[in-house]
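See structure below.
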Amino acid sequence: MKILVIIPVFNEEKNLEKCIDSFVNQTYKLSQITIVDDGSTDNTPLIGQKLEKSHGNIKFLRKRGSKSVASPGKKIIQAFNYGLNKSSKNFDLIGKFDGDIELPKNYFQKIVKFFKSNEKLGMCGGVLAVKKKGFKIENMYNKTHLRGPIKLYRKNSFTKIGGLVESMGWDTLDELKMLYYDYEIKIDHKLIGFHLRETGERYKNTKFIKQGRVMYLLGYDTILLIIGSLKFSFVNKSISPFFYSIYGYYNSLFKKEKKLVNNKLSKFVRSYRYQQILKKIGINN
């Protein structure tokens, strides 16, 4: 299976070489690795150009006109889609990865086996650990959520869901669409990559407001909002994330922001979320 990997990067001079080394030294060779610089102000472009010259399967691009600021969601996927448009279309699997991760050498070899053994598998990946008093698996998300920095999609499922949406919440919306179209998602919790910086490190002051906004964009109702916000507070051992998340949701509601889901998909999202909650508490097995 031919694999295209696209890596949007912004100011990754400290991490990019280590990241790319872990991609080019895989036991399963990647067909193409496209690095998209998204307005970096450090030496990231020089490193990207050097990597392109050193490896025949690496393509380095600079997205012109990008604001020189780190921003989750829309900006990252704009860079991803820019790279997709300028990359080879001859692939079976497409990956969206970050430039601050390090993968085990057998990462893609294992993932390809999952795809080959299950034609209904639409999306697959491992998990991420962060270096914090040793290596600790990041647990701010559900165990059924495939993390945005390490996603690999089957080409036909990627096309069916309409690719990646340039918005906050894209990496939850893609999963919900996969399930909506009856594809399966696989997360190998034994396949561990390393995050070279803690998730949300660049956005600590606003990340829970953004999480509340995402819940609005995905069509959550008030009960799901409260449950999700309480989880943020529980995981972070602070009451602040709860109120920030609530604020983010209602701020988007009052602004009448356009949601990412239509009525039919919105109903599916709420139904699926409630089923997951009931399953967790042992009511719906």
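Residue numbering for the sequence shown is 84 to 368, as defined by my numbering. Backbone N, C-alpha and C define an ideal beta-carbon position, used for all residues, glycine too. Keep in mind the model is a prediction, meaning the values are calculated, not measured.
- With a 10 Å radius around the Cβ and a threshold of 16 neighbouring Cβ atoms, isoleucine 184 comes out buried.
- DSSP places arginine 356 within a helical segment (H, G or I) once states are collapsed to three.
- Note on geometry: alpha-carbon atoms of glutamate 135 and threonine 127 lie some 12 Å from one another.
- Taken in chain order, the unbroken stretches of beta strand (DSSP E) that lie wholly in the stretch 165-243 and span 3 residues or more are 176-180, 204-214, 218-220 and 233-237.
- The beta-bridge partner set that DSSP reports for glutamate 100 is empty.
- DSSP, reduced to helix, strand and coil, places arginine 296 within a helical segment of the structure shown.
- Within the same chain, Cβ atoms closer than 6 Å to the Cβ of aspartate 125 are found at Asn94 and Glu96, the five residues on either side in sequence being excluded.
- For lysine 269, the enclosing beta strand (DSSP E) stretches over residues 267-278.
- Look at leucine 144 here: in three-state DSSP terms it is strand.
- When the Cα atoms are used, leucine 144 and asparagine 173 turn out to be separated by approximately 19 Å.
- Around the beta carbon of valine 119, 16 or more other beta carbons sit within 10 angstroms, so the residue counts as buried.
- Going by DSSP, glutamine 132 is part of the alpha helix (DSSP H) stretching over 127-137.
- Burial is judged here by how many other beta carbons sit within 10 angstroms of a residue's own beta carbon; leucine 176 has at least 16 and is buried.
- DSSP links glutamine 115 through a beta bridge to Leu87.
- Less than 9 Å divides the Cβ of isoleucine 86 from the Cβ of leucine 235.
- The DSSP-derived three-state label of valine 248 is coil.
- In this structure, isoleucine 309 places its C-beta atom within 9 Å of the C-beta atom of isoleucine 329.
- Following the DSSP letters along the chain, one finds serine 328 inside the alpha helix (DSSP H) bounded by residues 323-338.
- Burial of tyrosine 303 is indicated by the presence of at least 16 other C-beta atoms within 10 angstroms of its C-beta.
- A direct Cα-to-Cα measurement between isoleucine 89 and phenylalanine 241 gives close to 14 Å.
- Of Gln358, Phe191 and Val210, the smallest CA-CA separation from histidine 272 is found for Val210.
- Look at aspartate 120 here: in three-state DSSP terms it is strand.
- Take the alpha-carbon of glutamate 340 and the one of arginine 353: they are about 19 Å apart.
- Valine 92 is bridged by DSSP to Asp120.
- In terms of Cβ geometry, arginine 230 and methionine 206 do not form a close pair [threshold 9 Å].
- Sorting Glu100, Ile194 and Asn164 by C-alpha distance to the C-alpha of tyrosine 111 places Ile194 at the top.
- Taking 9 Å as the cut-off, the beta carbon of glutamate 267 is found no closer than this to the beta carbon of isoleucine 160.
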